[in-house]
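S.K.: Heads up: the sequence shown begins at 1 in the UniProt record's numbering, then just goes up one per residue.
For every residue, glycine included, the Cβ atom is placed at its ideal position computed from N, Cα and C.
After the structure tokens below, expect a handful of questions from me.
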Amino acid sequence: MSKLDEVIGKAAACVDEVIHELLEKKSVSSNRREIPQIHLSLEEQRALQAGLASLEVTDSASGIRHMPDLGLLLESVLSTEKIQQLRNFPQAREVAMIVRGLPLDPQLPATPYDREPGIEDLSTLAGAILSVLQTLQTRPLAYEGESNDTVFRHVSPKHKRETEKSSYGSRADLGMHVDNPHLPLTCEPVSQLSACPEYLSLTGLRCELDVPTRIVAIDEVLAILPAYVEEELSRPNFTVRRPASFGKQGNVLENVPLLYRSATDGLYCRYNKASVEATCANAQFALQLFAAVANHPDVVHHILLQPGDMLIFKNQQTLHARDGFTPRYDGRDRWMLRVFGVNDPARVVPLDPHQPYIVRA
1 MSKLDEVIGK AAACVDEVIH ELLEKKSVSS NRREIPQIHL SLEEQRALQA
51 GLASLEVTDS ASGIRHMPDL GLLLESVLST EKIQQLRNFP QAREVAMIVR
101 GLPLDPQLPA TPYDREPGIE DLSTLAGAIL SVLQTLQTRP LAYEGESNDT
151 VFRHVSPKHK RETEKSSYGS RADLGMHVDN PHLPLTCEPV SQLSACPEYL
201 SLTGLRCELD VPTRIVAIDE VLAILPAYVE EELSRPNFTV RRPASFGKQG
251 NVLENVPLLY RSATDGLYCR YNKASVEATC ANAQFALQLF AAVANHPDVV
301 HHILLQPGDM LIFKNQQTLH ARDGFTPRYD GRDRWMLRVF GVNDPARVVP
351 LDPHQPYIVR A
């Protein structure tokens with residue numbers, strides 16, 4: 001029997017005890033890095049709003065077409081220090097960033113419940129979002145099964161999907177996860193399916209004060225855990241299903257690792273509480289330990305996005321979650337815009353050359 005088998009055999013029935021012992025030995029709070037923030041001044045916000053008025057971002061196609069100009073506009077409005085902070089983010093150690101105070105449209109519609117509206121009523125905020133993504137040098141896209149014609153997903157409760165574990169659900173908890181973990185990670189080759197997004201952005205339209213977005217840096221979780229957990233998660237002993245947000249279900253990946261790490265390429269992860277299963281006892285135990293630490297309150301950041309606040313994080317190095325909540329359906333429920341970003345256009349498979357931003361998944 002190997003040392004790992006011996007450890008697992010003794011500890012499999014007492015995950016909570018193991019976690020308590022780990023946290024006692026390590027100072028968890030000292031591992032957590034603060035999330036850098038950029039605050040637009042009132043002058044910067046007004047200047048950006050005025051510039052966006054002339055660019056007419058009315059849908060995904062027009063917005064993506066204007067992205068070079070949107071990036072130049074943001075560069076002309078923000079201070080050199082703030083622009084440099086955005087440009088440095090892709091190579092920075094930090095996995096998340098918040099941009100606060102993006103300009104809003106004057107007449108915000110009711111929170112959408114049964115439809116997926118366009119962005120013609122949100123053209124100012126949509127343009128601001130794309131200006132930030134352009135500065136990060138990433139390409140906005142959406143995936144078949146989740147979207148037919150737009151890169152902007154309205155994260156809001158839907159009447160008929162309350163118990164669904166997706167951005168359209170509400171009452172069910174949305175556990176810690178990487179978005180679209182069934183797709184090739186940045187360190188993996190692409191063939192029939194498009195790449196997993198490198199970035200995920202959430203921008204607030206309406207805030208629910210008791211429903212924060214929770215995020216945790218995966219490397220900070222692994223720093224608390226013993227080495228054998230990462231070793232086990234790096235073995236091909238996991239099955240991955242499509243997330244519930246996709247129309248078609250079923251296993252996409254079998255016998256794959258959840259983690260990849262190399263000295264040159266860094267860390268990549270496809271953990272998703274709702275759609276990943278272990279195929280052996282060792283993998284299951286490692287998964288339980290990883291999940292427990294990923295939810296420890298001393299590691300997790302709780303983020304509230306006020307209208308115009310944009311959270312951007314590196315999807316394959318960050319886990320995010322939210323608790324379930326009861327929607328009021330009064331037109332003022334929690335509402336955000338989500339946009340994915342992929343850095344390399346050669347790593348996506350467009351469904352239609354006229355809409356290259358909707359890709360195969």
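What residue does the alpha helix (DSSP H) around R46 start on, and which one ends it?
M.R.: Walking along the sequence shown from the start, residue 46 turns up at place 46. From DSSP, the alpha helix (DSSP H) with R46 extends over 42-52.
S.K.: With a threshold of 8 Å, are at least 3 pairs of Cβ atoms found where one atom belongs to the stretch 210-217 and the other to the stretch 314-328?
M.R.: Output reads yes: the stretch 314-328 touches the stretch 210-217.
S.K.: Rounded to whole angstroms, what's the CA-CA distance from Y268 to V95? Just pull it up for me.
M.R.: Locating residue 268 in the sequence shown gives position 268, where the first residue counts as 1. Locating residue 95 in the sequence shown gives position 95, where the first residue counts as 1. Spanning the two alpha carbons is a distance of roughly 12 Å.
S.K.: Of all the options A110, L304, A227, which has the alpha carbon lying nearest to the alpha carbon of D330?
M.R.: The residue given as residue 330 occupies position 330 in the sequence shown. Closest option to D330, Cα to Cα, is A110.
S.K.: Report yes if the C-beta distance between P307 and R206 is below 8 Å; otherwise report no.
M.R.: Numbered from 1 along the sequence shown, position 307 holds the residue referred to as residue 307. Numbered from 1 along the sequence shown, position 206 holds the residue referred to as residue 206. Cβ atoms of P307 and R206: closer than 8 Å.
S.K.: How would you label Q49, buried or exposed, when you count the other beta carbons within 10 angstroms and need 16 or more for buried?
M.R.: Start at 1 with the first residue of the sequence shown, and residue 49 comes out as number 49. Buried is the call here.
S.K.: Use the C-beta contact count for Q134: other C-beta atoms within 10 angstroms, 16 or more gives buried, fewer gives exposed.
M.R.: Position 134 of the sequence shown, counting from 1, holds the residue named residue 134. By the 10 Å Cβ count, Q134 comes out buried.
S.K.: Out of Q355, L225, C187, which one is the CA nearest neighbour of A294?
M.R.: Numbered from its first residue, the sequence shown carries residue 294 at position 294. Closest by alpha carbon: L225.
S.K.: On the criterion of 16 or more Cβ atoms from any shown chain inside 10 Å, does C196 qualify as buried, or is it exposed?
M.R.: Here residue 196 corresponds to residue number 196 of the sequence shown, with the count starting at 1. With 16 or more Cβ atoms within 10 Å of its Cβ, C196 is classed as buried.
S.K.: Exposed or buried, P106, counting other C-beta atoms within 10 Å across all chains shown (16 or more means buried)?
M.R.: Taking the sequence shown and counting its residues from 1, the one referred to as residue 106 is at position 106. It counts as exposed.
S.K.: Going along the chain, which unbroken runs of the alpha helix (DSSP H) with 4 or more residues stay wholly within the stretch 102-190?
M.R.: Listed in chain order, they are 123-135.
S.K.: Determine the contact status of L183 and A361, defining contact as a CB-CB distance below 8 Å.
M.R.: Numbered from 1 along the sequence shown, position 183 holds the residue referred to as residue 183. Numbered from 1 along the sequence shown, position 361 holds the residue referred to as residue 361. Contact: yes.
S.K.: If we ignore side chains and look at the alpha-carbon of each, how far apart do F238 and A172 end up?
M.R.: Taking the sequence shown and counting its residues from 1, the one referred to as residue 238 is at position 238. Taking the sequence shown and counting its residues from 1, the one referred to as residue 172 is at position 172. Going from the Cα of F238 to the Cα of A172 covers about 24 Å.
S.K.: Between Q288 and A244, what straight-line distance do the alpha-carbon atoms span, to the nearest angstrom?
M.R.: The residue labelled residue 288 in the question sits at position 288 within the sequence shown. The residue labelled residue 244 in the question sits at position 244 within the sequence shown. Distance between the alpha carbons of Q288 and A244 is about 22 Å.
S.K.: What is the residue span of the alpha helix (DSSP H) that D69 lies within?
M.R.: Here residue 69 corresponds to residue number 69 of the sequence shown, with the count starting at 1. Segment 67-77, the alpha helix (DSSP H) holding D69.
S.K.: I need the straight-line Cα distance from L200 to N343, nearest angstrom please.
M.R.: Position 200 of the sequence shown, counted from the start, is the residue given in the question as residue 200. Position 343 of the sequence shown, counted from the start, is the residue given in the question as residue 343. Cα to Cα, L200 sits roughly 12 Å from N343.
S.K.: Could you tell me the alpha carbon to alpha carbon distance between I119 and P36, rounded to whole angstroms?
M.R.: The residue labelled residue 119 in the question sits at position 119 within the sequence shown. The residue labelled residue 36 in the question sits at position 36 within the sequence shown. Whole-angstrom Cα-Cα distance: 28 Å.
S.K.: What whole-angstrom Cβ distance do N272 and V178 have, given they're in contact under 8 Å?
M.R.: In the sequence shown, residue 272 corresponds to position 272, counting from 1. In the sequence shown, residue 178 corresponds to position 178, counting from 1. Right, their Cβ atoms sit about 6 Å apart.
S.K.: Let me know the secondary structure DSSP gives Q84 once reduced to three states.
M.R.: Walking along the sequence shown from the start, residue 84 turns up at place 84. Here Q84 sits in helix by DSSP.
S.K.: For the candidate residues S123, L222, G71, whose alpha-carbon lies nearest to that of L337?
M.R.: As a working note, residue 337 is residue 337 in the sequence shown. Comparing Cα-Cα distances from L337 to each of S123, L222, G71, the minimum goes to S123.
S.K.: Alpha carbon to alpha carbon, how far is L185 from Q316?
M.R.: Taking the first residue of the sequence shown as position 1, residue 185 is located at position 185. Taking the first residue of the sequence shown as position 1, residue 316 is located at position 316. For L185 and Q316, the distance between alpha carbons rounds to 7 Å.
S.K.: Using the Cα positions of E43 and V77, report the straight-line distance between them to the nearest angstrom.
M.R.: Your numbering for residue 43 matches position 43 in the sequence shown. Your numbering for residue 77 matches position 77 in the sequence shown. Computed Cα separation, rounded: 9 Å.
S.K.: Quick one: Cα of D59 to Cα of T150, how far?
M.R.: For this step, residue 59 is matched to residue 59 along the sequence shown. For this step, residue 150 is matched to residue 150 along the sequence shown. Taking the straight line joining both Cα atoms gives about 7 Å.
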